[in-house]
Amino acid sequence: MYIALNLKFLRKRKGQSQEEMAQTLGLNRSTYSGYENEVAQPSLELLLQIAQTEKIPLETLLSKRLDQLTAKDIDAMQGAWRTEASGQQLRVLTTVVNTSNEEEIELISEKVSAGYTSGYADPTYLQELPTLRLPFLSKDRKYRAFPIAGDSMPPVVHGSYVVGEFVQDWLRLPSNTPCVVVTREDGIVFKYVQNLLQEEQVLRLSSTNPIYPPFEVAVSEILEIWRFVSYISKELPDIQLDSAALGAQMRAIQADLQAALRSQNK
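Using this note's numbering, you'd call the opening residue of the sequence shown number 1485 and step up by one each time.
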């Protein structure tokens, strides 16, 4: 591995001292110096942070000598995430069509959802899925239905299906948009998205249930994004009424009625 060599190369390429590089990574200088001098090895978590900060694929950071690449190659590598995130490199989206050559909405059942990250581009996998049609959706866009598990996103409950619209350009996705995000590690997740791709090359995913903390996903881990358009559920949302407020409203209505009756009797 070329971790120490590459750390030194990246630091000098930016014209930084060890102290400045250490501060960028949230380390003290002596700890960082130990990594460059091969006295210690950075943790996997720190390596992921370095790869994300420097916009270098982790595999490249570990296994290739960056000092043997041209400046043009490194610039292209560090900008590759933007090409991917913006959809400039066309995302190949496999889909199912009916006999009228109209795209169907594939329904990913909970039973087969675990295999979606490996089968989402496989025609055989998709053709075996059930499909549905929702006539109120645009025929010019691509939709897919995903299963929801757990209690992290009320009022969408466990066992529901979220229908999402395929997002080609991730950079233009507005923050606070509910989306199905398909990642290499976590598979299918339904969350509110804070778009930090321009600033940090990550999405911050949040639940509506406050007991679940937000977490971040690096752009390199994202396979697909589907913007929420609808959901299908066998259960009505459980809306808890404030009995005290409801009682006060009823008393106010009764008082208004009594006042109206008194005015009529005069």
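Idealized CB from N, CA, C, for every residue including glycine.
Residue i to residue j span [Cα, whole Å]
i	j	result
Leu1707	Pro1607	17 Å
Gln1611	Val1580	6 Å
Ile1558	Arg1549	11 Å
Ile1592	Thr1554	44 Å
Pro1658	Ala1702	17 Å
Gln1533	Leu1681	15 Å
Lys1498	Ala1569	25 Å
Gln1733	Leu1621	39 Å
Glu1719	Tyr1604	28 Å
Phe1674	Met1637	7 Å
Thr1508	Tyr1696	29 Å
Glu1594	Asp1635	15 Å
According to DSSP, residues forming a beta bridge with residue i
i	result
Pro1662	Tyr1676
Thr1615	Glu1590
Thr1667	Gly1671 and Ile1706
Arg1566	Arg1566 is not bridged to any residue.
Tyr1627	Glu1649
Ile1534	None, per the DSSP bridge assignment.
Which of helix, strand or coil DSSP assigns to residue i
i	result
Arg1711	strand
Phe1493	helix
Ala1633	coil
Ser1597	helix
Arg1688	strand
Glu1700	strand
Ile1695	coil
Ile1755	It is not possible to answer for residue 1755, since the shown part of the chain is limited to 1485 through 1750.
Within 8 Å, strictly: CB atoms of residue i and residue j
i	j	result
Glu1649	Tyr1627	yes
Tyr1715	Val1646	yes
Asn1679	Leu1687	yes
Pro1721	Pro1639	yes
Ser1704	Pro1526	no
Ile1487	Leu1546	yes
Thr1544	Met1561	yes
Ser1691	Ser1644	no
Thr1601	Gly1510	no
Glu1586	Lys1623	yes
Neighbourhood of residue i by C-beta, 8 Å cutoff - its chain only, sequence neighbours within 5 removed
i	result
Gln1502	Arg1495, Arg1513, Tyr1516, Ser1517 and Glu1520
Gly1599	Tyr1609
Contacts around residue i, its chain only, beta-carbon distance under 7 Å, and the 5 residues preceding and following it disregarded
i	result
Ile1709	Val1651, Trp1654, Leu1657, Cys1663 and Val1665
Glu1669	Glu1705
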